[in-house]
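Enquirer:
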Amino acid sequence: MGNTSVPLYVMAYAPIVVLDKGDLYYPSDLASHVANTHPTVNFTSIEGVPSPLSLVNLDSLNALGGDNVYLTSTHNVLKLPKFINGKKPDARTLQTKDAISSVIICVDKGNGILDAFYIYFYSFNEGPVAIGHRIGNHLGDWEHNMVRFQDGKPVAVWFSQHEYGDAYTYEAVQKVNNRPIVFSARGSHANYAKVGKHDLHDQDEKIPKRIVYDHTSYGPLWDPTLSAYYYTFSMNSKELFPGMDDMPVSFLNFQGWWGDQQYGDDIVGQEWYYGFYKWTGGPQGPIFKHLDRQDVCLPSRPVCIIKKHI
291 MGNTSVPLYV MAYAPIVVLD KGDLYYPSDL ASHVANTHPT VNFTSIEGVP SPLSLVNLDS
351 LNALGGDNVY LTSTHNVLKL PKFINGKKPD ARTLQTKDAI SSVIICVDKG NGILDAFYIY
411 FYSFNEGPVA IGHRIGNHLG DWEHNMVRFQ DGKPVAVWFS QHEYGDAYTY EAVQKVNNRP
471 IVFSARGSHA NYAKVGKHDL HDQDEKIPKR IVYDHTSYGP LWDPTLSAYY YTFSMNSKEL
531 FPGMDDMPVS FLNFQGWWGD QQYGDDIVGQ EWYYGFYKWT GGPQGPIFKH LDRQDVCLPS
591 RPVCIIKKHI
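If you number the sequence shown the way the working numbering does, the last residue is 600 and the count never jumps.
1. Per DSSP, residue 431 is paired with what?
2. Under the three-state reduction of DSSP, which class applies to residue 526: helix, strand or coil?
3. Check for me: the alpha helix (DSSP H) holding residue 325 runs from which residue to which?
4. May I ask you to verify whether the region 543 to 552 touches the region 353 to 362, counting CB pairs closer than 8 Å and requiring at least 3?
5. By a C-beta neighbour count over all protein chains shown, 10 Å radius and 16 as the cutoff for buried, is residue 451 buried or exposed?
6. Please classify residue 316: does DSSP put it in a helix, a strand, or coil?
7. Which one of 421, 553 and 516 has the shortest CA to CA distance from residue 379?
8. Please tell me whether residue 568 and residue 427 are closer than 8 Å, where the distance is taken between their beta carbons.
9. Check this for me: beta carbons of residue 338 and residue 348, under 8 Å apart or not?
10. Secondary structure at residue 299, three-state DSSP: helix, strand or coil?
11. Judging by CA-CA distance, which residue of 514, 464, 579 and 496 is the nearest neighbour of residue 598?
12. Determine the burial state of residue 300: buried for a count of at least 16 other Cβ atoms within 10 Å of its Cβ, exposed for fewer.
13. Can you grab the Cα-Cα spacing for the pair residue 446 / residue 305, in whole Å?
14. Under a three-way DSSP split, which group does residue 505 fall into?
15. Is the distance from the Cβ of residue 566 to the Cβ of residue 425 below 8 Å?
16. For residue 559, I'd like the list of residues in its chain whose CB is within less than 8 Å of its CB, leaving aside the five on either flank, ordered along the chain.
17. Check the C-beta distance from residue 389 over to residue 510 and give it rounded, since I have them as a contact under 8 Å.
18. Could you name the residues of the same chain whose beta carbon sits closer than 6 Å to that of residue 473, not counting the 5 residues immediately before and after it, in chain order?
19. Hey, residue 594 and residue 585: beta-carbon distance below 8 Å or not?
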């Protein structure tokens, strides 16, 4: 990309996201999300917060509570306020117009290896249904793909799925004009390599078989590169640097959580179902995506299996 430290091949092989046709919650503008929240610790508003709180000063909250800080909605999330709907991509341009809803981070791993993280933001995660019970709703949702390049050529693709995911060779995945196709699951926005029903038991044995599924289908197309901030990450200093001077960095260094803290059992609307809650806490941001991982897979995997077929 011109005038940036981001290689052109990172754009040429960037994923195209296919949203589910039944999804009500689209990619969301980062600044609007922050503007519709206020920081809390233990459900109590923090004093001494910059006003207005924004993407350029969000990491100031680190000194006011660190990873105990939650960006709590200023509206009752249980009533599904309008801002959580996000922005539907334009059918012609594939862009979320007037909404910066993704972050692209390039990490040079040495020996000709570069990992490009394509990180997608949604203001709301609508959890899947288990035998009539919705589980896992939360404000704020960061999902990602990572494409590993060797000497400028794509060799593997990581698909994040909740706390887990799958890795495939670049040759294995479906593509359009050499760009990997990613199917975003309805509501949860977990990323898959194909359409259909995806049993969450396959990723987490604590979840019973054939009870909870993600669903993907051929819905709206989204090109995250058209509505993104671009960065590089240093393996040595662990610092993030903007791809262009006007791109904010502060929000990426925020140590807290991008949504409400998990509601207590006493909150009307909260439900518990066999160890799973309807409303859970929001996620942490891109710097917690293991940008410095050595394998394509997450470091929690004892063995990284890169599948050759979808």
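All C-beta atoms, glycine included, are put in the ideal place defined by N, C-alpha and C.
This structure is a prediction, so every number in the text was calculated from the model and none was measured.
Expert: Quick answer:
1. If you number the sequence shown from 1, residue 431 lands on position 141. Its beta-bridge partners are 412.
2. The residue labelled residue 526 in the question sits at position 236 within the sequence shown. Coil.
3. Counting from one through the sequence shown, the residue named residue 325 turns up at place 35. Where residue 325 is concerned, the enclosing alpha helix (DSSP H) stretches over 320 to 325.
4. yes
5. Here residue 451 is taken as the residue at index 161 of the sequence shown, counted from 1. Buried: at least 16 other Cβ atoms inside 10 Å.
6. In the sequence shown, counting from the first residue as 1, residue 316 sits at position 26. Looking at residue 316 - three-state DSSP - the assignment turns out to be coil, as it is neither helix nor strand.
7. Taking the first residue of the sequence shown as position 1, residue 379 is located at position 89. Nearest C-alpha to residue 379: 516.
8. The residue labelled residue 568 in the question sits at position 278 within the sequence shown. The residue labelled residue 427 in the question sits at position 137 within the sequence shown. Yes. Within cutoff.
9. Within the sequence shown, the letter at position 48 stands for residue 338. Within the sequence shown, the letter at position 58 stands for residue 348. Result no, Cβ atoms of residue 338 and residue 348 do not sit closer than 8 Å.
10. Position 9 of the sequence shown, counted from the first residue, corresponds to residue 299. Three-state DSSP puts residue 299 in a helix.
11. Numbered from 1 along the sequence shown, position 308 holds the residue referred to as residue 598. For residue 598, the nearest C-alpha among the options comes from 464.
12. Your numbering for residue 300 matches position 10 in the sequence shown. Its Cβ being crowded by 16 or more others within 10 Å, residue 300 is buried.
13. Position 156 of the sequence shown holds residue 446. Position 15 of the sequence shown holds residue 305. Spanning the two alpha carbons is a distance of roughly 12 Å.
14. The residue given as residue 505 occupies position 215 in the sequence shown. It is a strand residue.
15. Start at 1 with the first residue of the sequence shown, and residue 566 comes out as number 276. Start at 1 with the first residue of the sequence shown, and residue 425 comes out as number 135. In contact: residue 566 and residue 425 (Cβ atoms closer than 8 Å).
16. Stepping through the sequence shown from its first residue, residue 559 is reached at position 269. Counting only Cβ-Cβ distances below 8 Å, and skipping sequence neighbours, we find 368, 553, 568 and 569.
17. Taking the sequence shown and counting its residues from 1, one reaches residue 389 at position 99. Taking the sequence shown and counting its residues from 1, one reaches residue 510 at position 220. The pair is not a contact, with the Cβ atoms about 14 Å apart (cut-off 8 Å).
18. Within the sequence shown, residue 473 is the residue found at index 183, counting from 1. So the list reads 308, 482, 485 and 506, once near-sequence residues are dropped.
19. As a first step, residue 594 must be located in the sequence shown, where it is residue number 304. As a first step, residue 585 must be located in the sequence shown, where it is residue number 295. Yes, the pair counts as a contact, with Cβ atoms nearer than the cut-off.
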